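For reference, the structure is listed below as structure tokens.
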């Protein structure tokens, strides 16, 4: 199977039953993407496929053949943090850190959806071209990412700040 | 997962041809099927991936829309025509699952997803007539707070989990199918079956038949519609009860109305009785309540879900009042 992962072409031979999550972690050594529930309920495995956030645990790897996958390792490194990673550090957007890679990949995808004008469950007027990222909007749009430490206030602040800086 | 073969369909005829072998299943976004395969509730011998087939949304000559089966939930909800002319559909999709899942899930897969009854999922420890026909049902005398109050049978009390399908039922949507016997259409309301004695047979699809798209008729009524979902937490949870409705009132009289309920039955529940009770009558809360009660008169609660009768009644009244108030 052929993929582009974090900008690099990769060729992997694996069992057809392999999920995209297991492919990334076990076959490519990209352990930044986390396995939480392994059933699409927690969002710890969130990665970007052609820029769109998905749950890697619910994806058969073979279904994403030829696609461009971005993981947390493709967003930032320990020496060159992604600005959103820096914001998570500054705002205590985590405690144990297990959900954090998924939160950050999800937030990157979420802000692209917002830019596109995708409405959410709490958007009052469906037909509006631009949706403002209120805290209600942010929390609703991030509801697919659970944090058992309950660092939600820090997570919201971090994403909020990153978004506000980008908008400036 | 039990072993299977995988093939990507090049076209609808190719998919239908490849699906002729027994044990074959079509794969959409995989958000439900992959999970069920991991739990060994589903054990297909072959998967035909139809997620790269047509995914577009186009206008029809009659002014309606045709949504191709591989359209992702997000793409449907963000489509301008859907948001403007079928808001109930956009609202229903946005009330379902998480953004990640909505980016993966397809229209066809959404319609054919399986129940979230926990006994159905528990392959190792529970009896389920839907999973293993004739085995018995552990939900009927088990924890059945989430289960059906309408149209259930002694064999099965599971509910259909989709939000999108409830909106499509209210919109008189028409499902396009392609199979070994050719192409045909069925109304969304006729797509899913009530459980009866065969809860394992969930739709009227023939073996190997593929959902290729859903057509939305053009009717100004649909632009005045909305969806309300009542659930245990405010986001990312299945419905206890949901209501999709469209309402047209003139001079205080209900000219036309559509109502469908989610979370209450084995299929999206079109509220035909409530609609008939309302049409031509006064657009008042008393009339809304009487119509809701007429629809739920046949409800048969289980040990833990009698609350759904009053909840569905109140939610119907609230949604109709909201639609009526918004127009005034």
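Residue numbers (the working numbering), protein chains in the order written: chain H, 1 to 168; chain B, 1001 to 1328.
Beta carbons are placed, not taken as given, at the ideal position from N, Cα and C, and that holds for glycine.
Every value quoted in this text rests on a predicted model; they were computed, and no experiment measured them.
Throw me the rounded Cβ distance for the residue 1302 of chain B and residue 1147 of chain B pair, which I believe falls under 8 Å. 6 Å
At a CB-CB cut-off below 7 Å, which residues of chain H make contact with residue 1094 of chain B? 119, 120 and 121
Nearest chain H C-beta to residue 1163 of chain B closer than 8 Å, yes or no? no
For residue 1205 of chain B and residue 1152 of chain B, the rounded distance between their alpha carbons: Taking the straight line from one Cα to the other gives about 20 Å.
Comparing alpha-carbon positions, which option in B/1193, B/1018, B/1115 and B/1089 lies nearest residue 1229 of chain B? B/1089
For residue 1176 of chain B, the residue or residues it bridges with in DSSP: The bridge partners DSSP lists for residue 1176 of chain B are B/1185 and B/1213.
Based on Cα-Cα distance, which residue from B/1084, B/1235 and B/1289 lies nearest to residue 144 of chain H? B/1235
Burial state of residue 1184 of chain B, where buried means 16 or more other Cβ atoms lie within 10 Å: exposed
Run through the DSSP bridge pairs and tell me what residue 1081 of chain B is partnered with. Paired residues: none, contrary to the question.
Can you name the residues of chain H whose CB is closer than 8 Å to the CB of residue 1114 of chain B? Result: empty, since nearest Cβ-Cβ is about 14 Å, beyond 8 Å.
As an exercise, report each continuous alpha helix (DSSP H) stretch of at least 4 residues that is fully enclosed by the stretch 1012–1053 of chain B, in chain order. 1012–1018 and 1033–1038
Residues of its chain near residue 40 of chain H, where Cβ-Cβ distance is below 7 Å and the 5 sequence neighbours each way are ignored: 55, 57 and 58, listed in sequence order.
Does the Cβ of residue 1045 of chain B have 16 or more other Cβ atoms within 10 Å, making it buried, or fewer, making it exposed? exposed
Which residues, in order along the stretch 1028–1056 of chain B, keep a beta-carbon less than 7 Å from a beta-carbon of chain H? Across the stretch 1028–1056 of chain B, CB contacts with chain H closer than 7 Å involve 1030, 1031, 1034, 1035, 1049 and 1051, in sequence order along the chain.
Report buried or exposed for residue 1199 of chain B, applying the criterion of at least 16 other Cβ atoms within 10 angstroms of its Cβ. buried
Cutoff 8 Å: residue 168 of chain H Cβ touching any chain B Cβ: Unreliable placement is indicated for residue 168 of chain H, whose pLDDT of 47 sits below 50; no coordinate value is reported for it.
Please report the straight-line C-alpha distance between residue 1189 of chain B and residue 82 of chain H, rounded to a whole angstrom. 49 Å
Neighbourhood of residue 1052 of chain B by C-beta distance below 8 Å, restricted to the same chain and skipping five residues each side: 1008, 1009 and 1070
Please list the segments of the alpha helix (DSSP H) lying wholly inside the stretch 25–81 of chain H, counting only runs of 4 or more residues, in order along the chain. 72–75
State the Cα-Cα distance for the pair residue 1227 of chain B and residue 1092 of chain B, rounded to the nearest angstrom. 6 Å
Would you say residue 1078 of chain B lies against chain H (beta-carbon separation less than 8 Å)? yes
Determine the direct distance from the alpha carbon of residue 1105 of chain B to that of residue 157 of chain H, and round the result to whole angstroms. Taking the straight line from one Cα to the other gives about 30 Å.
From residue 1021 of chain B to residue 124 of chain H, what distance separates their C-alpha atoms? Distance between residue 1021 of chain B and residue 124 of chain H, taken at the CA atoms: about 48 Å.
Beta carbons nearer than 7 Å to chain B: which residues of the stretch 26–57 of chain H have them? 39, 40, 43, 46, 52, 53, 54 and 55
Please state the DSSP three-state secondary structure of residue 9 of chain H. Correct three-state label for residue 9 of chain H: strand.
So, for residue 1068 of chain B: in the same chain, excluding its five sequence neighbours on each side, which residues have a beta-carbon less than 6 Å away from its beta-carbon? 1054, 1055, 1056 and 1213
Cβ of residue 1100 of chain B within 8 Å of any chain H Cβ: yes
For residue 1042 of chain B and residue 1281 of chain B, what's the separation of their Cα atoms in angstroms? 48 Å
If you follow the beta strand (DSSP E) that residue 109 of chain H is part of, which residue opens it and which one closes it? First-last for residue 109 of chain H: 100–116, but that is the alpha helix (DSSP H), not the beta strand (DSSP E).
Cβ pair count under 8 Å reaching 3, the stretch 1314–1324 of chain B against the stretch 1284–1301 of chain B: yes
Please classify residue 1130 of chain B: does DSSP put it in a helix, a strand, or coil? Reduced to three states, the DSSP call for residue 1130 of chain B is coil.
Name, going along the chain, the residues of the stretch 1223–1241 of chain B whose beta-carbon falls closer than 7 Å to a beta-carbon of chain H. 1235 and 1236
With residue 1227 of chain B as the anchor, note down where its alpha helix (DSSP H) starts and where it stops. Residue 1227 of chain B -> not in any alpha helix (DSSP H); beta strand (DSSP E) instead, spanning 1225–1230.
Beta-carbon separation of residue 1304 of chain B and residue 1144 of chain B under 8 Å? yes
Pull the bridge partners of residue 1248 of chain B from the DSSP assignment, please. B/1256
Enclosing alpha helix (DSSP H) for residue 1057 of chain B [first to last residue]: Premise fails: residue 1057 of chain B lies in the beta strand (DSSP E), 1057–1059, not in any alpha helix (DSSP H).
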